[in-house]
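Working notes for the structure below.
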Amino acid sequence: MQPVNHPIPQPAPARVLKLALDVHLQEHVVAMQYDGSAPKPPQRFKPKDFPAWVEKQIAQGWQVISCYEAGPFGYGLHRDLTKLGVTIRCAPRGLAPLNKKISNRA
10 MQPVNHPIPQ
20 PAPARVLKLA
30 LDVHLQEHVV
40 AMQYDGSAPK
50 PPQRFKPKDF
60 PAWVEKQIAQ
70 GWQVISCYEA
80 GPFGYGLHRD
90 LTKLGVTIRC
100 APRGLAPLNK
110 KISNRA
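For the sequence shown, the working numbering assigns the number 10 to the initial residue and increments by one for each residue that follows.
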């Protein structure tokens, strides 16, 4: 009798949702890209509503990756999203450690 070779089940590929955030006091503007598709038009969220929306995406099986613009409101949101399980791929960085000067002159 020949042994039966059963295929080894492979895990489903992760569904990846990428978010680009522009964070302001009154609203968050979010551009989204689902599984490498073309980016969706930006959506506006009230700051209090955005974490709940992200939680819903995670509950639906999305692996959420975030990139945000550094600013006075982004750091707290970054900490909140990290607690929810969001991966931060583009964290802000100051230029001073890079020893580069910024010139605003053309």
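By construction, the Cβ of each residue, glycine as well, lies at the ideal position given by its N, Cα and C atoms.
For residue j and residue i, the rounded distance between their alpha carbons
{"i": "His37", "j": "Pro18", "result": "40 Å"}
{"i": "Leu30", "j": "Val73", "result": "12 Å"}
{"i": "Lys65", "j": "Cys99", "result": "22 Å"}
{"i": "Ala61", "j": "Asn14", "result": "45 Å"}
{"i": "Phe59", "j": "Leu90", "result": "10 Å"}
{"i": "Ala23", "j": "Cys76", "result": "19 Å"}
Local conformation of residue i per DSSP, three classes
{"i": "Val39", "result": "strand"}
{"i": "Trp93", "result": "Reading the sequence as shown, one finds Leu at residue 93 and not Trp. The answer is helix: DSSP assigns Leu93 an H, G or I state."}
{"i": "Pro60", "result": "helix"}
{"i": "Ala29", "result": "strand"}
Residue i: CB within 6 Å of a non-hydrogen atom of the ligand SAH
{"i": "Leu90", "result": "The ligand content of the structure shown is nil, which means the ligand SAH is not present either."}
Local Cβ density within 10 Å of residue i, reported as buried at 16 or more and exposed below that
{"i": "Ser46", "result": "exposed"}
{"i": "Leu86", "result": "buried"}
{"i": "Leu34", "result": "exposed"}
{"i": "Lys92", "result": "exposed"}
{"i": "Gly70", "result": "exposed"}
{"i": "Lys57", "result": "exposed"}
{"i": "Gly83", "result": "buried"}
{"i": "Lys27", "result": "buried"}
Residue span of the alpha helix (DSSP H) that contains residue i, given as start and end
{"i": "Ala47", "result": "Taken as a continuous stretch (DSSP letters only), Ala47 belongs to no alpha helix (DSSP H), as it is neither H nor E."}
Endpoints, beta strand (DSSP E) assigned at residue i
{"i": "Gln72", "result": "Trp71 to Tyr77"}
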